[in-house]
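This report concerns only the one structure given below.
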Amino acid sequence: MARDSSRPPKTEPLCIKPSNSFRHAGELSALFDKFDPRAPSFDSPRVDIDLRECEFVRPPAALWCAVYLALASKRGSRCRLLVPTHNTGVCVFLKSLGLFDILKGRGVEVDDRDIGARSDPKTVLPITHFETTAGASDITNRAFARLQSANLGAANLTSVVTELFSELALNAAQHSESQVGAFGCVQFYEFESGSRFTCTVADGGIGVFESLRRNEALRSRVSYDWDALELAVRERVSGTGDPHRGIGLYGVSEDVRRPGRSLLLHSGLGSLEITEDLESSARRTRLFPGTLAFLSIPT
Amino acid sequence: MRTLRVNDVLEDRILVSRESARLLEDPLSAIMLSAKTPGNVSGASPVVVDFQGVEGIAPSFLDELLLIFESLLGAEITGGERCLIVANPPTRLSLKFQAIARGHGMSVQALADGSWSLTDAGNSGT
Chain A
4 MARDSSRPPK
14 TEPLCIKPSN
24 SFRHAGELSA
34 LFDKFDPRAP
44 SFDSPRVDID
54 LRECEFVRPP
64 AALWCAVYLA
74 LASKRGSRCR
84 LLVPTHNTGV
94 CVFLKSLGLF
104 DILKGRGVEV
114 DDRDIGARSD
124 PKTVLPITHF
134 ETTAGASDIT
144 NRAFARLQSA
154 NLGAANLTSV
164 VTELFSELAL
174 NAAQHSESQV
184 GAFGCVQFYE
194 FESGSRFTCT
204 VADGGIGVFE
214 SLRRNEALRS
224 RVSYDWDALE
234 LAVRERVSGT
244 GDPHRGIGLY
254 GVSEDVRRPG
264 RSLLLHSGLG
274 SLEITEDLES
284 SARRTRLFPG
294 TLAFLSIPT
Chain B
21 MRTLRVNDVL
31 EDRILVSRES
41 ARLLEDPLSA
51 IMLSAKTPGN
61 VSGASPVVVD
71 FQGVEGIAPS
81 FLDELLLIFE
91 SLLGAEITGG
101 ERCLIVANPP
111 TRLSLKFQAI
121 ARGHGMSVQA
131 LADGSWSLTD
141 AGNSGT
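Just so you know, the protein sequences line up as chains A and B, in that order. Numbering of the first sequence is given in the numbering used here, commencing with residue 4 and proceeding in unit increments. Numbering of the second sequence is given in the numbering used here, commencing with residue 21 and proceeding in unit increments.
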């Protein structure tokens, strides 16, 4: 049978293998930047994310896996997550975080046989899918109820964590235009240096750069993913053009400028980190196919 | 002063979305109408929105509440002053909430009892 000459042949199977300590997508090889599962040209028949050698996977990395594979699966790729082989602790963590179930629900192959989930009080909110502002409100209140019942961290932080999380979730629901919705999770960690809450929200949408360019008044002010992120955290900057919008991300960025807190935003090829020092550092980095926000708050 | 108790209308402990703020429109309208008296036809006395029992509010929620407040007060307030009291605010008065008030031509300040007073910018409200 003659091949349709108007259509290029399917590209090779794609296998993405992160480093053993996988914290976020910014650590991936630049080779993968051209494989954007949102792009019309994306045509990989098979996508594997290989975590077999991983000793450590942080929530931003887990949500990158969720978004990337959800997008690729929606595009018709046969997708597979290869779970950690030797470090069963990481495997149990990822299962408890809800990553495997989220992926299986989207047609991704995950061989997690004999890996049990644990009922981990530190998982305040497992990776949860949402699409609407009502969904963002719902998962925020679920996280709040869980924080209260688990009695984690200082009582006055409960509202802080949930308010900040809610804004990140609202942003994803309102502005991402994601074909796969958004995902959020809240964790409580105890490190030697102290305990922390982390909130992670990620979507597979158009990204901050495209969102701001929807506002004609901002179009000439953004040229790249990274300068769009710098602009997005300023007061009343929004892709909507509505003068009452553009407070959410500004508010989050202001609230993290306190001791020990930090915010990482990663959208397309840009990332921005904000810490207590009133400094924000935007940079060019590896691809995140959508937008991710990662918030860390000491208890 | 007439008071709207948010908890009587909304069950959520963390108030997040603009849509949920919209659910306060009818009860707020009723309260503002009932505040009108022969001597105060504009009903422009302070309106109190009491957040007792609420544990957190997102900026989007407060912004929408102010939009509702503005639209209800609307043209009725010619030469008068707008004043909204947020009683028992569940969170601290941070820069983001001040920015929201600015966006509506209002200023916000914390009162001695912890309430927030939102008034027309240029009028301290005290």
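By construction, the Cβ of each residue, glycine as well, lies at the ideal position given by its N, Cα and C atoms.
Approximately 7 Å separates the beta-carbon atoms of A/Asp36 and A/Leu272; this is inside 8 Å, confirming the contact.
Its Cα nearest to that of A/Thr288, the residue A/Leu232 stands out among A/Arg260, A/Arg239, A/Gly242 and A/Leu232.
For A/Thr161, the residues of chain B that pass the 9 Å Cβ criterion are Glu75 and Gly76, in the order they occur in the chain. Going by DSSP, A/Ile52 is part of the beta strand (DSSP E) stretching over Arg49 to Asp53. Considering only beta carbons, the part of the region 106–127 of chain B lying closer than 7 Å to chain A consists of Pro110, Thr111, Ser114, Leu115, Lys116, Ala119, Ile120 and Gly123, in chain order. Beta-bridge partners assigned by DSSP to A/Arg287: A/Gly273.
Looking at the DSSP output, A/Glu193 sits in a beta bridge with A/Ser198.
Under the Cβ criterion of 9 Å, A/Ala235 is not counted among the residues facing chain B. Secondary structure note for A/Pro129: its beta strand (DSSP E) is the uninterrupted segment Thr126 to Phe133.
The continuous beta strand (DSSP E) containing B/Met126 extends over residues Met126 to Ala130. Per DSSP, reduced to three states, the secondary structure at A/Asp123 is coil, with no helix or strand assignment. For A/Pro301, DSSP records a beta bridge to A/Arg199. Check the Cα spacing between A/Pro40 and each of A/Val60, A/Cys18 and A/Ser76: the tightest is with A/Ser76. By DSSP's assignment, B/Trp136 forms a beta bridge with B/Val106 and B/Ala130.
When C-alpha distances from B/Leu86 are compared across B/Arg22, B/Ser135, B/Asn27 and B/Ala41, the shortest belongs to B/Ala41.
Spanning the alpha carbons of A/Arg222 and A/Ile209 requires a straight line of approximately 15 Å.
Per DSSP, reduced to three states, the secondary structure at A/Val60 is strand. Sequence-ordered contacts of the region 80–91 of chain B with chain A read Ser80, Asp83 and Leu87 [C-beta pairs closer than 8 Å]. Looking at the DSSP output, A/Cys68 shares a beta bridge with no other residue. Listed as beta-bridge partners of A/Glu112 by DSSP are A/Arg83. Against chain B, a Cβ distance below 7 Å from A/Ile277 picks out nothing, because the smallest value is about 14 Å.
Rounded to whole angstroms, the Cβ separation of B/Leu115 and A/Glu56 is 44 Å, and the two are not in contact under 8 Å. With the criterion set as a beta carbon lying under 7 Å from some beta carbon of chain B, the members of the region 125–159 of chain A are Thr136, Ala137, Ala139, Ser140, Thr143, Asn144 and Phe147, in sequence order. For A/Leu173, the uninterrupted alpha helix (DSSP H) run begins and ends at Ala158 to His178, by DSSP. As computed with DSSP, B/Thr23 is found in a beta bridge with B/Val68.
A/Pro87 is the residue among A/Arg109, A/Pro87, A/His247 and A/Pro63 whose C-alpha sits nearest the C-alpha of A/Arg116.
Neighbours of B/Asp140 in chain A, taken as residues at a C-beta separation under 9 Å, are lacking, since the least C-beta distance is about 17 Å. The beta carbon of B/Gly73 sits closer than 6 Å to the beta carbons of Asn27 from its chain, once the five residues preceding and following it are set aside; these are given in chain order. Residues of chain A with a Cβ closer than 7 Å to the Cβ of B/Asp32 are, in chain order, Ser140 and Asn144.
B/Val67 places its beta carbon 9 Å or farther from that of B/Leu35.
Taking a C-beta cut-off of 8 Å against chain A, the contacting residues of the region 40–54 of chain B are Ser40, listed in chain order. Residue-level contact by beta carbon fails for B/Ser135 and chain A, as no gap is shorter than 9 Å. Residues of the region 246–279 of chain A with a Cβ closer than 7 Å to any Cβ of chain B, in chain order: Pro246, His247, Ile250, Gly251, Tyr253, Gly254, Glu257 and Asp258.
For A/Ile118, no beta strand (DSSP E) encloses it, and the DSSP letter there is neither H nor E. Residues of the same chain with a CB within less than 7 Å of the CB of A/Arg78, apart from the 5 flanking positions on each side, are Pro40 and Phe45 in chain order. By alpha-carbon distance to A/Glu30, the top candidate from A/Val163, A/Ser274, A/Ala158 and A/Gln182 is A/Ser274.
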